[in-house]
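As they're listed, the protein sequences go chains A and B. Under the numbering used here, the first residue of the first sequence is numbered 14, with each subsequent residue one higher. Under the numbering used here, the first residue of the second sequence is numbered 43, with each subsequent residue one higher. Heads up: the structure comes next, in structure tokens.
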Amino acid sequence: TDTFNYATYHTLDEIYGFMDMLVAEHPNLVSKLQIGKTYEGRPIYVLKFSTGGNNRPAIWIDTGIHSREWVTQASGIWFAKKITQDYGQNPAFTAILDKMDIFLEIVTNPDGFAFTHSKNRLWRKTRSITAGSSCVGVDPNRNWDAGFGKAGASSNPCSETYHGKFANSETEVKSIVDFVKSHGNIKAFISIHSYSQLLLYPYGYTTDPAQDQAELDELAKSAVTALASLYGTKFKYGSIIKAIYRASGGTIDWTYNQGIKYSYTFELRDTGRYGFLLPASQIVPTAQETWLALLTIMDHTLKHPY
Amino acid sequence: KEDFVGHQVLRISVADEAQVQKVTELEDLEHLQLDFWRGPAQPGSPVDVRVPFPSLQAVKVFLEAHGIKYTIMIEDVQSLLDEEEEQMFAFQARAAS
Numbered sequence: 014t015d016t017f018n019y020a021t022y023h024t025l026d027e028i029y030g031f032m033d034m035l036v037a038e039h040p041n042l043v044s045k046l047q048i049g050k051t052y053e054g055r056p057i058y059v060l061k062f063s064t065g066g067n068n069r070p071a072i073w074i075d076t077g078i079h080s081r082e083w084v085t086q087a088s089g090i091w092f093a094k095k096i097t098q099d100y101g102q103n104p105a106f107t108a109i110l111d112k113m114d115i116f117l118e119i120v121t122n123p124d125g126f127a128f129t130h131s132k133n134r135l136w137r138k139t140r141s142i143t144a145g146s147s148c149v150g151v152d153p154n155r156n157w158d159a160g161f162g163k164a165g166a167s168s169n170p171c172s173e174t175y176h177g178k179f180a181n182s183e184t185e186v187k188s189i190v191d192f193v194k195s196h197g198n199i200k201a202f203i204s205i206h207s208y209s210q211l212l213l214y215p216y217g218y219t220t221d222p223a224q225d226q227a228e229l230d231e232l233a234k235s236a237v238t239a240l241a242s243l244y245g246t247k248f249k250y251g252s253i254i255k256a257i258y259r260a261s262g263g264t265i266d267w268t269y270n271q272g273i274k275y276s277y278t279f280e281l282r283d284t285g286r287y288g289f290l291l292p293a294s295q296i297v298p299t300a301q302e303t304w305l306a307l308l309t310i311m312d313h314t315l316k317h318p319y
Numbered sequence: 043k044e045d046f047v048g049h050q051v052l053r054i055s056v057a058d059e060a061q062v063q064k065v066t067e068l069e070d071l072e073h074l075q076l077d078f079w080r081g082p083a084q085p086g087s088p089v090d091v092r093v094p095f096p097s098l099q100a101v102k103v104f105l106e107a108h109g110i111k112y113t114i115m116i117e118d119v120q121s122l123l124d125e126e127e128e129q130m131f132a133f134q135a136r137a138a139s
């Protein structure tokens, strides 16, 4: 994986091949779990980074839940390599991985991602068929059991924000739900999207403030400050409903309601030049700056056990 | 493979609640086939929407008729996709050799 090109976009097969190479290079640090299968039958893989112990407190990071946001999957690949490079080298990061596990799901919507390469580069949703409709797919970030079906999602199967027939109808979502519930010791959950340069915390389906709002806000401020320190990329931060708009059935609203306090969504570069068609030349700088924010959140999670 | 020649991404600036409402109405007109990259939110928060070529004229007339300001964020979506694809293939060709 030293000669893998992190500065270009890759196909699903290339990414899955990268995962296998990384596991083969670091068998005592990295393992590949299959947490389910997609609607079209593709395996859903999660990389586990662990230095021992059993069911340690863990941090979850996912990228690519909206398949067209290619800079997020590309950043996920870079994060995976960074973890193997920094463990044992960077003291702050080594302290984290000595005590906690990291789960990284790089391609969270494999069917949608394959479709962006084969048929429609701008595809965002899953590829499930909705009975009675000619339109395909559900927005996997409106399908979670948190305010599901409320204002902030569409009941129209042709809409980009269609919430699906019922919560967790999408196997890509249900697989994560089952994994989180069975693991039971995840302490931070970070779901990465693009674009708009935002760091968001719950809630999206209600204006009620999260119970830990003050701490989440403070930590978000530290994280975006760390991010900006590299290239000056300015992120705004706040609750989903305040920073952007009402969105129901969202990932981190569900994880927060599961008791995972440090639940965040990133909206990576840019602010409106390319949108999610970010040129490949910006992949590595985007991943590098985001990593500084992730480190801030992971460090805080390590130092504030609950 | 879906083709996006002539599709533009407009960045719409909504000045007040009434304008947010107007843009939200657009979202419901399915025949326009609009793809909101950033949905209508609150006044001052930009709305980015990909407009297929056949709907461009109608959408621009609608916005101008309601005094809603917009700029063109992406002139032609397909040309960006072509650049992206060239970059990927150039890498793959080098990797193959």
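We put the CB at the ideal spot given by N, CA and C, even for glycine. Given the structure is predicted, the values throughout are model-derived calculations rather than measurements.
Query: Exposed or buried, what is L315(A) when buried is set at 16 or more other beta-carbons lying within 10 Å of its beta-carbon?; Result: buried
Query: For S87(B), return the contacting residues in chain A, with the cut-off set at a CB-CB distance below 8 Å.; Result: I257 and Y258
Query: Checking 7 Å against the spacing of the C-beta atoms, do G66(A) and T76(A) come in under that value?; Result: no
Query: Check whether chain A comes within 7 Å of F133(B), counting only Cβ atoms and requiring the distance to be less than that.; Result: yes
Query: May I ask you to list the residues that DSSP assigns as paired with A71(A)?; Result: D114(A) and I199(A)
Query: Does the beta-carbon distance from S188(A) to I57(A) come in below 7 Å?; Result: yes
Query: Quick one: what's got a C-beta closer than 7 Å to K50(A)'s C-beta in the same chain, skipping five residues either side?; Result: P56, I57 and T184
Query: Can you grab the Cα-Cα spacing for the pair Y214(A) / L307(A), in whole Å?; Result: 14 Å
Query: Pick helix, strand or coil for D283(A), following the three-state DSSP scheme.; Result: coil
Query: Less than 7 Å separating the beta-carbons of Y258(A) and A83(B)?; Result: yes
Query: Put V190(A) into one of helix, strand or coil per three-state DSSP.; Result: helix
Query: Between the alpha carbons of D70(B) and I205(A), how many angstroms are there, rounded?; Result: 28 Å
Query: Can you name the start and end residues of the alpha helix (DSSP H) that G30(A) belongs to?; Result: L25 to E38
Query: Along chain A, in chain order, which residues have C-beta atoms closer than 9 Å to that of Q129(B)?; Result: T21, Y22, P292, A293 and S294
Query: Applying the 10 Å Cβ sphere with the 16-neighbour rule, what's the burial state of N198(A)?; Result: exposed
Query: Which of helix, strand or coil does DSSP assign to F179(A)?; Result: coil
Query: Determine, using beta carbons only, whether K43(B) comes closer than 7 Å to chain A.; Result: yes
Query: Suppose you measure from the CA of R140(A) to the CA of V190(A); what does that come to, to the nearest Å?; Result: 19 Å
Query: Under 7 Å, Cβ to Cβ, is there at least one residue of chain B near G288(A)?; Result: yes
Query: Between which residues of its own chain and F128(A) is the CB-CB distance below 8 Å, once the five residues before and five after are set aside?; Result: S80, W136 and R140
Query: Going by other Cβ atoms of all chains shown within 10 Å of its Cβ, with 16 needed for buried, is T264(A) buried or exposed?; Result: buried
Query: Buried or exposed for S207(A), please, with buried defined as at least 16 other CB atoms from any protein chain shown within 10 angstroms of its CB.; Result: buried
Query: What is the residue span of the alpha helix (DSSP H) that Q329(A) lies within?; Result: No answer is possible for residue 329(A): it lies beyond the span of chain A, which begins at 14 and ends at 319.
Query: Identify the contact partners of A137(B) in chain A, using a Cβ-Cβ distance below 8 Å as the criterion.; Result: N18
Query: Along the beta strand (DSSP E) that carries S55(B), what are the first and last residues, could you check?; Result: Q50 to S55
Query: How would you call A233(A), buried or exposed, if buried means at least 16 neighbouring beta carbons within 10 angstroms?; Result: buried
Query: Would you mind sorting M34(A) into buried or exposed? The rule is 16 or more other CB atoms within 10 Å of its CB.; Result: exposed
Query: Grouping DSSP H, G and I as helix and E and B as strand, with all else coil, what is K95(A)?; Result: helix
Query: Checking 7 Å against the spacing of the C-beta atoms, do A108(A) and N270(A) come in under that value?; Result: no
Query: Restricting to Cα atoms, I'd like to know which of Y218(A), I203(A), I78(A) and I254(A) is closest to P153(A).; Result: I78(A)
Query: For I116(B), which residues of its own chain have a beta-carbon under 7 Å away from its beta-carbon, when the five flanking residues on both sides are left out?; Result: Q50, V51 and L122
Query: Take T97(A) as the anchor and find which of A37(A), T220(A) and T299(A) has the nearest alpha-carbon.; Result: A37(A)
Query: Rounded to whole angstroms, what is the Cα-Cα separation between P88(B) and E82(A)?; Result: 19 Å
Query: As a quick exercise: from V103(B), F78(B) and G48(B), pick the residue whose alpha carbon is nearest that of F289(A).; Result: F78(B)
Query: For P85(B), which of V65(B), V56(B) and V103(B) has the nearest alpha-carbon?; Result: V56(B)
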